[in-house]
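Q: So the sequence shown is numbered by our numbering: it starts at 132 and just counts up by one. Each residue gets a CB set at the ideal place from its N, CA and C atoms; glycine is no exception. Got a structure for you, written out below as structure tokens; questions coming shortly.
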Amino acid sequence: GCLQALRVALYALAHLAEQHLHRHVRHLDVLQDVAGVDAVAAEAVLRHKLAQAGLADRVELDSAGTGGWHIGEPPDGRAIRHAALRGYDLSLLRGRRVVDEDFRRFHLILAMDEDNLEALREAADDKYRHKIHLFLEYCGVESRRNVPDPYYGGPIGFERVLDMVEEAADALISRLGQLLAEREPRA
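Right, dumping it as structure tokens:
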């Protein structure tokens, strides 16, 4: 039989970086803004951790921002350097803007902060709004609601974002692994 998977989307503004899953879900797509530091980190961390968990072949990752800034551009150089120190490669990522098709395509859309959450909910048709959640909240990180913009926080700001994203990614991958296991065809 074919591999089943889930679709997830992560969004953040370009200057920054349980939805009701249907039983027929087949792919997991992670979508976020690659020009922003928080979302770039989330994509790179998730790619790395999904590979470690043996789920990379069942997960499609993509990225997009709610704003039109930095389309086609690589992430901030500082984000690339800090992520590289932890073994994550951001160098090939490029920014793009969310499009209407994303709301139909993805089963789960995770916003990095409340501003993006609101922007996504405003952009989505009513029938897709149930898919949109805050990244940290959906992943069970109770200490914060928003992944902050590390841009003006110096090196420590980038490290804090990576810490938060790593914690949330571990929880998300565990949750998605369980959902995928539940959807495996029974012999």
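1) Is the distance from the Cβ of L248 to the Cβ of L221 below 8 angstroms?
2) Okay, do the stretch 251-262 and the stretch 288-301 touch, 3+ Cβ pairs below 8 angstroms being the bar?
3) Taking C-alpha atoms, which residue in A254, R225, A242 lies nearest to D231?
4) Could you tell me if P316 is buried or exposed, where buried requires 16 or more neighbouring beta carbons within 10 angstroms of its beta carbon?
5) I believe R275 touches I263 by the beta-carbon criterion, under 8 angstroms. Please report the beta-carbon distance rounded to the nearest angstrom.
6) Could you check where the beta strand (DSSP E) with I263 kicks off and where it finishes?
7) Just to confirm, are F289 and A175 a CB contact at a threshold of 8 angstroms?
8) Determine whether the beta carbon atoms of N277 and D244 lie at a separation below 8 angstroms.
9) Taking the straight line between their C-alpha atoms, what separation do you get for G271 and L177?
10) Give the single residue among D280, P281, V190 whose Cα lies nearest to the Cα of L239.
11) Might you give, ordered along the chain, the residues of its own chain that have their beta carbon closer than 6 angstroms to the beta carbon of A242, omitting 5 neighbours on each side?
12) Does the Cβ-Cβ distance between G224 and P206 come in under 8 angstroms?
A: This is what the structure holds:
1) no
2) no
3) A254
4) exposed
5) Between I263 and R275 the Cβ distance is about 18 angstroms, and since that is not below 8 angstroms, they are no contact.
6) If you look at I263, you'll find it in the beta strand (DSSP E) that goes 263-265.
7) no
8) yes
9) C-alpha of G271 to C-alpha of L177: approximately 16 angstroms in a straight line.
10) V190
11) Excluding positions up to five away in sequence, the list reads Y142, L248, L251, L265.
12) Position check: residue 224 holds Leu in this sequence, whereas Gly was assumed. Yes. Within cutoff.
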